[in-house]
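>
In this note's numbering, the protein residues as written are 1 to 284.
(1) Can the beta-carbon of residue 49 be found less than 9 angstroms from the beta-carbon of residue 60?
(2) Does residue 72 come out as helix, strand or coil in the three-state DSSP assignment?
(3) Going by other Cβ atoms of all chains shown within 10 Å of its Cβ, with 16 needed for buried, is residue 254 buried or exposed?
(4) Hey, which unbroken runs of the alpha helix (DSSP H) at 4 residues or more fall wholly within the stretch 151 to 236?
(5) Consult DSSP for residue 25 and reduce its assignment to one of helix, strand or coil.
(6) If you measure between the beta carbons of residue 215 and residue 176, is that distance less than 9 angstroms?
(7) Looking only at its chain, what residues have a beta carbon closer than 8 angstroms to the beta carbon of residue 98, apart from the 5 residues adjacent to it on each side?
(8) Going by DSSP in three states, residue 141 sits in which element: helix, strand or coil?
(9) Compare the Cα-Cα distances from residue 26 to each of 201, 142, 203 and report the closest residue.
(10) With distances taken between CB atoms, is the gap from residue 203 to residue 171 smaller than 9 angstroms?
(11) Which residue comes first and which comes last in the alpha helix (DSSP H) that contains residue 55?
(12) List in chain order: all unbroken beta strand (DSSP E) runs of 3+ residues lying wholly within the stretch 103 to 127.
(13) Going by beta carbon distance, what residues of the same chain come within less than 6 angstroms of residue 158, once the five residues before and after it are set aside?
(14) From this set, 148, 46, 136, 227, which residue's C-alpha is nearest residue 285's C-alpha?
(15) Alpha carbon to alpha carbon, what distance is there between residue 81 and residue 153?
(16) According to the neighbour-count rule (16 or more other Cβ atoms, all chains shown, within 10 Å of its Cβ), is residue 127 buried or exposed?
(17) State yes or no: is the C-beta of residue 105 within less than 9 angstroms of the C-beta of residue 155?
(18) What separation, rounded to the nearest whole angstrom, lies between the Cα atoms of residue 169 and residue 63?
(19) Does the distance from the C-beta atom of residue 257 to that of residue 47 stay below 9 angstroms?
(20) Classify residue 249 as helix, strand or coil using the three-state DSSP reduction.
(21) What does DSSP give as the partner residues of residue 67 in its beta bridges?
(22) Take the Cβ of residue 68 as the centre, count every other Cβ of all protein chains shown within 10 Å, and call the residue buried at 16 or more, exposed below.
(23) Return the first residue and the last residue of the beta strand (DSSP E) that residue 79 is part of.
(24) Excluding the 5 residues preceding and the 5 following residue 116 in the sequence, name in chain order all residues of the same chain whose CB lies nearer than 7 angstroms to its CB.
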(Lines of atoms letter the chains of each structure in order from A; the text may use other names.)
(Lines give C-alpha, C1' and ligand atoms only; values in the text may rest on other atoms or scores of the structure.)
Protein backbone atom coordinates (compact mmCIF):
# COMPACT_ATOMS: atom_id res chain seq x y z
CA UNK A 1 0.00 0.00 0.00
CA UNK A 2 1.40 3.38 -1.01
CA UNK A 3 1.72 5.73 2.00
CA UNK A 4 0.46 9.26 1.50
CA UNK A 5 -0.96 12.17 3.44
CA UNK A 6 -4.10 13.46 1.77
CA UNK A 7 -4.75 16.95 3.04
CA UNK A 8 -3.16 19.75 1.06
CA UNK A 9 -0.77 21.70 3.26
CA UNK A 10 -2.31 25.01 2.17
CA UNK A 11 -5.75 23.72 3.26
CA UNK A 12 -7.26 23.97 -0.23
CA UNK A 13 -9.87 21.32 -1.18
CA UNK A 14 -8.57 17.80 -1.55
CA UNK A 15 -10.45 17.33 -4.84
CA UNK A 16 -11.78 19.99 -7.22
CA UNK A 17 -15.12 18.51 -8.27
CA UNK A 18 -15.98 21.31 -10.70
CA UNK A 19 -12.58 21.69 -12.35
CA UNK A 20 -12.79 22.17 -16.12
CA UNK A 21 -9.05 22.20 -16.90
CA UNK A 22 -6.07 20.21 -15.70
CA UNK A 23 -5.74 20.16 -11.91
CA UNK A 24 -2.53 18.98 -10.26
CA UNK A 25 -4.36 18.07 -7.06
CA UNK A 26 -6.98 16.09 -9.02
CA UNK A 27 -4.21 14.25 -10.84
CA UNK A 28 -2.85 13.00 -7.54
CA UNK A 29 -6.23 12.36 -5.93
CA UNK A 30 -7.42 10.25 -8.86
CA UNK A 31 -4.06 8.50 -9.04
CA UNK A 32 -4.49 7.49 -5.40
CA UNK A 33 -8.05 6.37 -6.08
CA UNK A 34 -6.85 4.29 -9.04
CA UNK A 35 -4.33 2.71 -6.70
CA UNK A 36 -7.04 1.96 -4.13
CA UNK A 37 -9.00 0.09 -6.80
CA UNK A 38 -6.27 -2.58 -6.74
CA UNK A 39 -6.59 -3.20 -2.99
CA UNK A 40 -8.21 -6.54 -2.14
CA UNK A 41 -7.83 -6.32 1.64
CA UNK A 42 -11.00 -4.61 2.88
CA UNK A 43 -9.37 -3.17 6.01
CA UNK A 44 -6.57 -1.57 3.99
CA UNK A 45 -9.05 -0.40 1.37
CA UNK A 46 -11.22 1.25 4.02
CA UNK A 47 -8.15 3.10 5.31
CA UNK A 48 -7.15 4.30 1.84
CA UNK A 49 -10.66 5.52 1.05
CA UNK A 50 -10.93 7.27 4.41
CA UNK A 51 -7.73 9.13 3.59
CA UNK A 52 -9.43 10.36 0.42
CA UNK A 53 -12.52 11.55 2.33
CA UNK A 54 -14.80 9.27 0.29
CA UNK A 55 -18.08 7.98 1.68
CA UNK A 56 -20.38 5.04 0.97
CA UNK A 57 -18.09 3.27 -1.49
CA UNK A 58 -19.19 0.28 -3.52
CA UNK A 59 -17.10 -2.51 -5.00
CA UNK A 60 -18.37 -3.79 -8.35
CA UNK A 61 -17.07 -6.85 -10.17
CA UNK A 62 -17.90 -9.29 -12.92
CA UNK A 63 -16.41 -12.72 -12.29
CA UNK A 64 -16.75 -13.93 -15.88
CA UNK A 65 -14.65 -11.11 -17.36
CA UNK A 66 -12.66 -10.54 -14.14
CA UNK A 67 -13.46 -6.81 -14.21
CA UNK A 68 -13.62 -4.62 -11.11
CA UNK A 69 -14.50 -1.01 -10.33
CA UNK A 70 -14.76 1.14 -7.23
CA UNK A 71 -17.56 3.72 -6.97
CA UNK A 72 -17.47 6.36 -4.26
CA UNK A 73 -18.74 9.85 -3.62
CA UNK A 74 -18.07 13.16 -1.93
CA UNK A 75 -20.63 15.89 -1.34
CA UNK A 76 -19.90 17.31 -4.79
CA UNK A 77 -18.79 14.37 -6.91
CA UNK A 78 -19.27 10.74 -7.87
CA UNK A 79 -15.97 9.02 -8.59
CA UNK A 80 -15.44 5.77 -10.47
CA UNK A 81 -12.06 4.00 -10.54
CA UNK A 82 -11.50 0.86 -12.60
CA UNK A 83 -8.97 -1.73 -11.53
CA UNK A 84 -6.15 -2.13 -14.03
CA UNK A 85 -3.87 -4.86 -15.26
CA UNK A 86 -2.71 -7.34 -12.65
CA UNK A 87 0.31 -9.34 -13.91
CA UNK A 88 -0.66 -12.27 -11.70
CA UNK A 89 -4.03 -12.62 -13.45
CA UNK A 90 -3.90 -14.28 -16.85
CA UNK A 91 -7.29 -12.96 -17.94
CA UNK A 92 -6.13 -9.36 -17.58
CA UNK A 93 -2.99 -10.05 -19.59
CA UNK A 94 -4.94 -11.76 -22.37
CA UNK A 95 -7.31 -8.80 -22.50
CA UNK A 96 -4.39 -6.40 -22.95
CA UNK A 97 -2.73 -8.46 -25.70
CA UNK A 98 -5.86 -8.85 -27.87
CA UNK A 99 -5.75 -6.33 -30.75
CA UNK A 100 -9.06 -6.96 -32.54
CA UNK A 101 -11.50 -4.05 -32.90
CA UNK A 102 -15.31 -4.19 -32.86
CA UNK A 103 -18.05 -1.54 -33.34
CA UNK A 104 -18.39 0.69 -30.28
CA UNK A 105 -20.26 3.85 -29.24
CA UNK A 106 -18.22 6.37 -31.27
CA UNK A 107 -16.27 4.17 -33.66
CA UNK A 108 -14.38 0.88 -33.48
CA UNK A 109 -12.95 -0.12 -30.11
CA UNK A 110 -10.62 -2.74 -28.65
CA UNK A 111 -12.66 -5.95 -28.43
CA UNK A 112 -11.21 -7.20 -25.15
CA UNK A 113 -11.63 -3.88 -23.38
CA UNK A 114 -15.20 -3.56 -24.65
CA UNK A 115 -16.16 -7.05 -23.46
CA UNK A 116 -14.72 -6.28 -20.03
CA UNK A 117 -16.83 -3.12 -19.77
CA UNK A 118 -19.95 -4.93 -20.95
CA UNK A 119 -19.58 -7.42 -18.11
CA UNK A 120 -19.78 -4.72 -15.46
CA UNK A 121 -21.97 -2.12 -17.18
CA UNK A 122 -25.38 -2.75 -15.59
CA UNK A 123 -23.98 -2.92 -12.05
CA UNK A 124 -21.95 0.21 -12.67
CA UNK A 125 -24.97 2.18 -13.87
CA UNK A 126 -26.97 1.15 -10.81
CA UNK A 127 -24.16 2.17 -8.47
CA UNK A 128 -23.90 5.58 -10.13
CA UNK A 129 -27.67 6.12 -10.14
CA UNK A 130 -27.87 5.50 -6.38
CA UNK A 131 -25.46 8.39 -5.78
CA UNK A 132 -26.66 10.78 -8.46
CA UNK A 133 -28.74 13.61 -7.03
CA UNK A 134 -28.58 15.81 -10.11
CA UNK A 135 -25.92 18.03 -8.57
CA UNK A 136 -22.86 15.82 -8.25
CA UNK A 137 -20.25 15.93 -11.00
CA UNK A 138 -19.12 12.51 -12.21
CA UNK A 139 -15.45 11.63 -12.65
CA UNK A 140 -13.71 8.55 -14.02
CA UNK A 141 -10.20 7.23 -13.60
CA UNK A 142 -8.06 4.13 -13.90
CA UNK A 143 -4.54 2.82 -14.37
CA UNK A 144 -3.45 0.63 -17.30
CA UNK A 145 -6.40 -1.53 -18.42
CA UNK A 146 -8.48 0.41 -15.89
CA UNK A 147 -7.75 3.63 -17.74
CA UNK A 148 -8.96 2.10 -21.00
CA UNK A 149 -12.19 0.98 -19.32
CA UNK A 150 -12.68 4.45 -17.83
CA UNK A 151 -12.29 6.03 -21.25
CA UNK A 152 -14.73 3.60 -22.87
CA UNK A 153 -17.24 4.40 -20.12
CA UNK A 154 -16.98 8.13 -20.81
CA UNK A 155 -17.37 7.40 -24.54
CA UNK A 156 -20.43 5.26 -23.93
CA UNK A 157 -22.10 8.00 -21.89
CA UNK A 158 -21.64 10.67 -24.58
CA UNK A 159 -24.44 9.45 -26.93
CA UNK A 160 -26.65 9.09 -23.85
CA UNK A 161 -26.32 12.81 -23.13
CA UNK A 162 -24.48 12.18 -19.86
CA UNK A 163 -21.04 13.77 -20.25
CA UNK A 164 -18.47 13.22 -17.53
CA UNK A 165 -16.99 16.18 -15.68
CA UNK A 166 -13.52 14.75 -16.17
CA UNK A 167 -11.32 11.73 -16.86
CA UNK A 168 -7.75 11.04 -15.72
CA UNK A 169 -5.95 7.89 -16.86
CA UNK A 170 -2.51 6.60 -15.88
CA UNK A 171 -0.45 4.48 -18.26
CA UNK A 172 -3.53 3.55 -20.28
CA UNK A 173 -3.29 1.87 -23.71
CA UNK A 174 -5.14 3.07 -26.79
CA UNK A 175 -8.69 1.70 -26.91
CA UNK A 176 -10.25 2.85 -30.21
CA UNK A 177 -9.69 3.76 -33.85
CA UNK A 178 -9.26 7.17 -35.48
CA UNK A 179 -13.01 7.77 -35.84
CA UNK A 180 -13.54 6.87 -32.18
CA UNK A 181 -10.78 9.25 -31.11
CA UNK A 182 -12.10 12.06 -33.31
CA UNK A 183 -15.67 11.74 -32.03
CA UNK A 184 -14.47 11.42 -28.44
CA UNK A 185 -12.23 14.48 -28.68
CA UNK A 186 -15.03 16.62 -30.13
CA UNK A 187 -16.86 16.32 -26.81
CA UNK A 188 -14.40 15.31 -24.10
CA UNK A 189 -10.86 16.22 -25.17
CA UNK A 190 -10.54 19.27 -22.91
CA UNK A 191 -11.57 17.31 -19.80
CA UNK A 192 -9.58 14.12 -20.53
CA UNK A 193 -6.03 13.89 -19.22
CA UNK A 194 -3.80 10.98 -20.18
CA UNK A 195 -0.98 10.87 -17.63
CA UNK A 196 2.02 8.82 -18.81
CA UNK A 197 5.27 8.11 -16.99
CA UNK A 198 7.96 8.90 -19.58
CA UNK A 199 9.45 5.38 -19.56
CA UNK A 200 6.12 3.50 -19.45
CA UNK A 201 5.57 1.47 -22.62
CA UNK A 202 2.09 0.09 -21.86
CA UNK A 203 0.36 3.08 -23.53
CA UNK A 204 1.73 1.70 -26.82
CA UNK A 205 0.43 -1.87 -26.33
CA UNK A 206 -2.30 -1.22 -28.93
CA UNK A 207 -0.09 0.43 -31.59
CA UNK A 208 -0.95 3.39 -33.77
CA UNK A 209 0.18 1.62 -36.95
CA UNK A 210 -2.58 -0.97 -36.45
CA UNK A 211 -5.22 1.76 -36.44
CA UNK A 212 -5.47 2.54 -32.72
CA UNK A 213 -5.53 6.17 -31.55
CA UNK A 214 -5.19 7.89 -28.20
CA UNK A 215 -7.76 10.42 -26.96
CA UNK A 216 -7.55 13.46 -24.76
CA UNK A 217 -4.58 15.55 -23.67
CA UNK A 218 -1.15 14.02 -23.16
CA UNK A 219 0.46 14.72 -19.76
CA UNK A 220 3.99 13.37 -19.33
CA UNK A 221 5.71 12.72 -16.02
CA UNK A 222 9.31 13.17 -17.12
CA UNK A 223 12.52 11.76 -15.65
CA UNK A 224 13.00 14.94 -13.59
CA UNK A 225 9.59 14.53 -11.94
CA UNK A 226 7.92 17.35 -13.85
CA UNK A 227 4.42 17.02 -15.30
CA UNK A 228 4.36 18.42 -18.85
CA UNK A 229 0.98 18.95 -20.52
CA UNK A 230 0.35 18.68 -24.28
CA UNK A 231 3.94 17.70 -25.09
CA UNK A 232 4.87 16.06 -28.45
CA UNK A 233 4.79 12.26 -28.57
CA UNK A 234 6.71 9.69 -30.57
CA UNK A 235 4.76 7.43 -32.92
CA UNK A 236 5.34 4.91 -35.67
CA UNK A 237 6.52 1.34 -36.17
CA UNK A 238 10.14 1.96 -35.13
CA UNK A 239 9.09 3.53 -31.84
CA UNK A 240 6.67 0.67 -31.18
CA UNK A 241 9.42 -1.90 -31.80
CA UNK A 242 11.75 -0.04 -29.44
CA UNK A 243 9.08 0.06 -26.76
CA UNK A 244 8.25 -3.63 -27.25
CA UNK A 245 11.90 -4.58 -26.77
CA UNK A 246 11.92 -2.61 -23.53
CA UNK A 247 8.80 -4.50 -22.45
CA UNK A 248 10.62 -7.80 -22.94
CA UNK A 249 13.25 -6.72 -20.42
CA UNK A 250 11.91 -4.51 -17.64
CA UNK A 251 8.99 -2.09 -17.55
CA UNK A 252 7.26 -3.09 -14.32
CA UNK A 253 8.49 -0.17 -12.20
CA UNK A 254 7.87 2.41 -14.93
CA UNK A 255 4.28 1.20 -15.36
CA UNK A 256 3.59 0.70 -11.65
CA UNK A 257 1.35 3.25 -9.95
CA UNK A 258 3.11 2.75 -6.62
CA UNK A 259 6.67 2.89 -8.00
CA UNK A 260 6.45 4.87 -11.23
CA UNK A 261 3.56 7.33 -10.98
CA UNK A 262 2.56 8.13 -7.41
CA UNK A 263 6.05 9.04 -6.12
CA UNK A 264 6.26 11.78 -8.77
CA UNK A 265 2.70 12.98 -8.20
CA UNK A 266 3.27 12.90 -4.43
CA UNK A 267 6.29 15.17 -4.78
CA UNK A 268 4.27 17.61 -6.88
CA UNK A 269 1.24 17.63 -4.55
CA UNK A 270 2.11 17.15 -0.83
CA UNK A 271 -0.74 16.17 1.47
CA UNK A 272 -1.32 15.79 5.19
CA UNK A 273 -3.36 12.96 6.66
CA UNK A 274 -6.98 13.56 7.63
CA UNK A 275 -8.85 10.25 8.04
CA UNK A 276 -12.64 9.92 8.16
CA UNK A 277 -15.01 6.94 8.44
CA UNK A 278 -16.02 5.14 5.26
CA UNK A 279 -18.56 2.45 4.42
CA UNK A 280 -17.74 -0.17 1.78
CA UNK A 281 -20.50 -2.21 0.17
CA UNK A 282 -20.48 -4.90 -2.48
CA UNK A 283 -22.82 -4.40 -5.41
CA UNK A 284 -25.58 -6.93 -5.81
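The beta-carbon is built from N, C-alpha and C at its ideal position, and this holds for glycine as well.
Quick look at the numbers:
(1) no
(2) strand
(3) buried
(4) 178 to 188
(5) helix
(6) yes
(7) 110, 111, 112
(8) strand
(9) 142
(10) yes
(11) No alpha helix (DSSP H) holds residue 55; the beta strand (DSSP E) holding it covers 55 to 62.
(12) 108 to 110
(13) 187
(14) With the chain covering 1 to 284 only, the question about residue 285 has no answer from this structure.
(15) 11 angstroms
(16) buried
(17) yes
(18) 24 angstroms
(19) no
(20) Its pLDDT being 48, under 50, residue 249 is placed unreliably by the model, and the measurement read from it follows with that caveat. Three-state DSSP puts residue 249 in a helix.
(21) 62
(22) buried
(23) 77 to 82
(24) 65, 67, 95, 149
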